[in-house]
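Reminder that position 520 of the sequence shown reads as 522 in the working numbering, one-by-one numbering, no gaps.
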Amino acid sequence: MRHHPGSILLRCALLSMSVAALTLVSCSTLKLLTHGGERQIKHEPRLPAPGPYVLIFAFDGVGYDQLMAAISSGKAPTMAAMLGKPEGGGLYEHAYSLQNAVSILPSTTIAAWYAIFTGAPTAWNGVPGNEWFVREEMKFYAPVPVSVAEMDDNRAMITEGLVSKSLKTMTLFQQAGVKSSVSLNPVYRGADYFTVIDPVSMVTLYTEFLARGGGENSTEKIDMYENLDKDSVPKLLASINEHGVPNIQVVYFPGIDLYTHLAADPLPMEVAYLERVTDPLVAQVLAAYQSYGILDQTFVVIVADHGHTPVLRDPQHALGDDTNEAPAEVVKAAGFRPRKFVLNPGKDEQDYQAAFAYQGAIAYVYLADRSTCPQAGMTCDWKRPPRYRQDVLPVARALYNSNRTGKPVAKMKDTLDLIFARVPTPAGKPTKEYQIFDGHRLVPIWEYLILHPRPDLIDLDKRMEWLSAGPYGNRSGDILLLTRSGLNNPIKNRYYFSGPYHSWHGSASPQDSHIPLIVARKDYPSAKLKALVDKEAAPLPSQLALVPIVRALLASEPPQVPAAALPVQPPASAAATPAAKPQ
Ligand SMILES: [Zn+2]
């Protein structure tokens, strides 16, 4: 019998009212315990632990250049003081900043945070975007919906850990095995505490955001995103007051990204937001650590998921504005029945042969083996991969021609930069890396780049491998479209898959992909930080290095023995007792 979730949610809500911070871990534990047959996660919060502590500021949608502009402007005094004077090469008086760290692909929120907090490439962790299709389950997931309107998965991500359930690798919190707490970030599996503002208002904020992409935005509504960031800090501090300082605390600010998508002049306005809103919030958290007397035992990390590129907010550039147009129309013209752009199509809408998932500058196209469902009304066998010649190639050609000539779909003309495809792998086998379709054949990315150098698409080969080659590589589709984007293109030539916004991301351009990754510590030699960070980030510095960096920081200094645990009598032989000394 299926358990009815309503009663549990009610109990969770009642439980949450009894503590200052809404502690969803208790709720999910309750939920898990009542779901017979599911793997239970036994969850006993760990006792307060001695240092060192790692405090991670996770800034959503903050490119490297925007953060550095804010820090060097003099208007973000807390972050500037945290780093200290710049000494060149990414070194600061109290910090080390990786200067060339990149995001994964797509440079998009949900995929990037799952990569950051697992350290695993997307084709291995199973979370490839803001939305995606799992062909074996014939099911669409949309934790942050882009091509569909329903908010059900967004709600389920925040209140029930929906995305974590499809996650295939361990999180930082599971790997590190220390007392951890997460504020707002959807990746919280294995943490002791997860603090949020009221989940209902969080979902309302996202709904408003999606509904208003095309509308005019009043200042008052934009203020909501500021309040999302601001309101999260008292919740996480209340949780610390109640349960002690965790060894890992994640402080996630999603409002920056939502704000920037809607800001009329996105990049300067984002910098101003970092100065006006974010810096004082960082100050509040650091002041709390100072008041606990542990700031000098705390490594402070700043990381972001992706940057932002300004785009034109009109239906011509928003290729997902009318989902029945653009790629779906091309695929239809190539003889495929497209999936309806809804979270759950009706019983009589299951005969689709192609599905789509949008990630801003990137779109995934999933294709069925059409021989399993030739007639309308027949459900395709999605467990089987498509056939290369009969299914993949016709669609790749149709998209290529529409982009080049505007036929059969005029809207697609000159909108795409690259079309990726690959020979499908048998079900259950790890997928191969995407290749580039040059109009005739598939060319390995490295080979294509020798003939057509693209320094504006950074580390394209390696990052496409992370996305597409692995046990869950088929979650990024059978064909992948990359729009023309990047600051090197005039704004009138930048395109994106979603409704209209002022700013988007998702591409391999430096502006979308170059992210901050900074480690700071009060009164601590920054050369030591550099050595540790460089070692973990080699050979290709990226956000995948966060997990190994944090684990190395925790291990770099054996925890001090708490005063109460020290022996009263000195040991008879000092040599017989290994001392736990800070290095
Ligand atoms: Zn984001």
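The beta carbon of each residue, even a glycine, is placed where N, CA and C say it ideally should be.
I'd like to know whether the C-beta atoms of W384 and M226 end up nearer to each other than 7 Å.
Sequence index remark: in the sequence shown, residue 384 carries index 382 (1-based). Sequence index remark: in the sequence shown, residue 226 carries index 224 (1-based). Taking 7 Å as the Cβ cut-off, W384 and M226 do not qualify as a contacting pair.
Quick one: is the Cβ of T111 within less than 6 Å of any heavy atom of ligand 1?
For the purposes of this step, residue 111 is taken as residue 109 along the sequence shown, with counting starting at 1. Flag set: Cβ of T111 near ligand 1.
G131: CB within 6 Å of a non-hydrogen atom of ligand 1:
Translated into the one-based positions of the sequence shown, residue 131 becomes position 129. No, ligand 1 has no heavy atom inside 6 Å of this Cβ.
Contact the region 160 to 174 vs the region 391 to 408: 3+ CB pairs below 8 Å
no
Determine the contact status of D514 and S109, defining contact as a CB-CB distance below 7 Å.
Taking the sequence shown and counting its residues from 1, one reaches residue 514 at position 512. Taking the sequence shown and counting its residues from 1, one reaches residue 109 at position 107. Yes, they are a contact pair.
Examine ligand 1 and report whether any of its heavy atoms sits within less than 6 Å of the Cβ of G63.
Position 61 of the sequence shown, counting from 1, holds the residue named residue 63. True, at least one ligand heavy atom lies under 6 Å from that Cβ.
For K537, report the span of its alpha helix (DSSP H) as first-last.
On the sequence shown, position 535 is the one that residue 537 refers to. Its alpha helix (DSSP H) spans residues 528 to 539.
Considering only C-alpha positions, which residue in the set M466, I296, P518, P457 is nearest to L489?
Here residue 489 refers to the residue found at position 487 of the sequence shown. Among M466, I296, P518, P457, the Cα nearest to that of L489 is on P457.
I'd like the ranges of any beta strand (DSSP E) spanning at least 3 consecutive residues and lying wholly in the region 398 to 465.
418 to 423, 437 to 439
Compare the beta carbon distance of P145 and D155 with 7 Å and say whether it is the shorter of the two.
Here residue 145 corresponds to residue number 143 of the sequence shown, with the count starting at 1. Here residue 155 corresponds to residue number 153 of the sequence shown, with the count starting at 1. Contact: yes.
Could you give the DSSP three-state label for Q377: helix, strand or coil?
The sequence position of residue 377 within the sequence shown is 375, counting from 1. Q377 falls in the coil class under three-state DSSP.
Would you mind giving the Cβ-Cβ distance between L453 and A510, rounded to the nearest angstrom? I have them listed as a contact below 8 Å.
As a working mapping, residue 453 is identified with position 451 in the sequence shown. As a working mapping, residue 510 is identified with position 508 in the sequence shown. No, L453 and A510 are not in contact; Cβ-Cβ is about 18 Å, not under 8 Å.
Give the DSSP bridge partners of A522, in chain order.
Sequence index remark: in the sequence shown, residue 522 carries index 520 (1-based). According to DSSP, which records beta bridges pairwise, A522 is partnered with A97, V302.
Helix, strand or coil for P268 per DSSP?
One-based indexing of the sequence shown puts residue 268 at position 266. The answer is helix: DSSP assigns P268 an H, G or I state.
Taking the alpha-carbon positions, what's the V136 to Y360 distance?
In the sequence shown, counting from the first residue as 1, residue 136 sits at position 134. In the sequence shown, counting from the first residue as 1, residue 360 sits at position 358. When rounded, the distance between both Cα atoms is 14 Å.
Given S149, which residues of its chain have a CB within under 8 Å of its CB, disregarding the five upstream and five downstream residues?
As a working mapping, residue 149 is identified with position 147 in the sequence shown. If we look at S149 and ignore the five residues flanking it on each side, its Cβ neighbours are E133, G322, T325, F343, F358, A359, Y360, F499, S500.
Give me the DSSP bridge partner(s) of L483.
Taking the sequence shown and counting its residues from 1, the one referred to as residue 483 is at position 481. BP columns for L483 point to A365, I421.
Cβ distance (whole Å) where E538 is taken to contact P550 below 8 Å:
In the sequence shown, residue 538 corresponds to position 536, counting from 1. In the sequence shown, residue 550 corresponds to position 548, counting from 1. Contact flag correct, Cβ pair sits at about 4 Å.
Go ahead and pull the three-state DSSP assignment for P52.
Your numbering for residue 52 matches position 50 in the sequence shown. The answer is coil: DSSP assigns P52 none of H, G, I, E or B.
Determine the extent of the beta strand (DSSP E) in which W134 is found, giving its start and end residues.
By one-based count along the sequence shown, residue 134 stands at place 132. Its beta strand (DSSP E) spans residues 134 to 136.
Integer Cβ distance of G430 from Y402, believed to fall under 8 Å
In the sequence shown, residue 430 corresponds to position 428, counting from 1. In the sequence shown, residue 402 corresponds to position 400, counting from 1. Contact doesn't hold; Cβ gap of about 30 Å is too wide.
Taking the C-alpha atoms as reference points, what is the distance between G309 and G246?
What you label residue 309 is simply residue 307 of the sequence shown in a count that begins at 1. What you label residue 246 is simply residue 244 of the sequence shown in a count that begins at 1. Approximately 34 Å between the Cα atoms of the pair.
Tell me whether the beta-carbon of V521 lies closer than 7 Å to the beta-carbon of V303.
Locating residue 521 in the sequence shown gives position 519, where the first residue counts as 1. Locating residue 303 in the sequence shown gives position 301, where the first residue counts as 1. In this structure, V303 lies closer than 7 Å to V521 by Cβ.
Do you know how far the Cα of I73 is from the Cα of K232?
Numbered from its first residue, the sequence shown carries residue 232 at position 230. Numbered from its first residue, the sequence shown carries residue 73 at position 71. When rounded, the distance between both Cα atoms is 19 Å.
Grab me the residues of M1's own chain with a C-beta within less than 6 Å of its C-beta, minus the 5 sequence neighbours each way, in chain order.
The chain is shown only over 3 to 585; residue 1 falls outside these bounds and no answer can be derived.
Cβ-based neighbour list, T171, same chain, cut-off 7 Å, excluding 5 preceding and 5 following:
Residue mapping note: residue 171 aligns to position 169 of the sequence shown, counting from 1. So the list reads T120, A122, W126, N127, once near-sequence residues are dropped.
Excluding the five sequence neighbours on either side, which residues of its own chain have a C-beta within less than 6 Å of the C-beta of L555, listed in chain order?
Here residue 555 corresponds to residue number 553 of the sequence shown, with the count starting at 1. V56, F301.
Let me make sure I understand the geometry here. Which of P282, P347, A265, G337 has the alpha-carbon closest to that of T311?
Along the sequence shown, read from residue 1 onward, the residue named residue 311 stands at position 309. Considering only alpha carbons, the answer is A265.
Can you tell me the Cβ-Cβ gap for S234 and L186, rounded? I've got them flagged as a contact below 8 Å.
Position 232 of the sequence shown holds residue 234. Position 184 of the sequence shown holds residue 186. Yes, they are in contact, since the Cβ atoms of S234 and L186 sit about 5 Å apart, within 8 Å.
Determine the extent of the beta strand (DSSP E) in which F196 is found, giving its start and end residues.
The residue you call residue 196 lines up with position 194 of the sequence shown. Element bounds for F196: 195 to 198.
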